[in-house]
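Each residue of the sequence shown is one higher than the one before, counting from 1 in our numbering. Even for Gly, the Cβ is constructed at its ideal location relative to N, Cα and C. Predicted, not measured: the structure shown is a model, and the values here were computed from it. First comes the structure, then the notes that go with it.
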Amino acid sequence: MLGDMTIKRMDNVGIVVDDLDAAVAFFTELGMELEGRMPIEGSWAGKVVGLDGMRSEIAMMRVPGAPGRLELATYHSPKSITPEPAVTPSNTLGLHRVMYAVDDIEDTLARLRPHGAELVGEVTRYEDAYLLCYLRGPGGIILALAEELS
1 MLGDMTIKRM
11 DNVGIVVDDL
21 DAAVAFFTEL
31 GMELEGRMPI
41 EGSWAGKVVG
51 LDGMRSEIAM
61 MRVPGAPGRL
71 ELATYHSPKS
81 ITPEPAVTPS
91 NTLGLHRVMY
101 AVDDIEDTLA
111 RLRPHGAELV
121 GEVTRYEDAY
131 LLCYLRGPGG
141 IILALAEELS
């Protein structure tokens, strides 16, 4: 019996970005809404993330009318670290990606390309159920898109 040990919900997924404005613009174009932006600093914040002298800014994005939030964070101090290689393949340990269900995958890609979106592989059909793809956004963020076929 789990009792009080159950998880209540998944609150958000956090992604570190180098350019917060560009990331907010990218996810706004995807269809998310900016819930708010705020600086995060102080000894309490550094203790949470294990970084002394930490100063950052976050932007909380939400899916309109649905659960699901994305916390975009940029670090002013200490500066963010770029992994080697800078563009990591899809099978990199610890790599994260966020999947979004969309109405029209080709239209979504067309809207995101001016914001730096590039396909990782190709748009692929899974049986007669979905069109799927992985794409990279600003700062190497990896997203997956799924269009349900009916």
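- Around the Cβ of residue 7, a 10 Å sphere holds fewer than 16 other Cβ atoms; the residue is exposed.
- Within the same chain, Cβ atoms closer than 6 Å to the Cβ of residue 17 are found at 23, 72, 74 and 139, the five residues on either side in sequence being excluded.
- Taking a C-beta distance under 9 Å as the contact criterion, residue 148 and residue 129 qualify as a contact pair.
- Taken through DSSP and simplified to helix, strand or coil, residue 69 comes out as strand.
- Counted as a single uninterrupted DSSP element, the alpha helix (DSSP H) harbouring residue 43 occupies residues 43-49.
- Counting C-beta pairs closer than 8 Å gives three or more between the region 20-36 and the region 60-69, which meets the contact rule.
- Residue 119 is positioned such that its CB atom lies closer than 9 Å to that of residue 135.
- In the DSSP assignment, residue 112 falls within the unbroken alpha helix (DSSP H) covering 105-112.
- Here DSSP, grouped into helix, strand and coil, assigns residue 36 to strand.
- Residue 20: not part of any beta strand (DSSP E); member of the alpha helix (DSSP H) spanning 20-30, first to last residue.
- Here the C-alpha atom of residue 43 lies approximately 35 Å from the C-alpha atom of residue 144.
- Taking the CA atoms as reference points, residue 77 sits about 7 Å from residue 56.
- Here DSSP, grouped into helix, strand and coil, assigns residue 54 to coil.
- For residue 124, the enclosing beta strand (DSSP E) begins and ends at 124-126.
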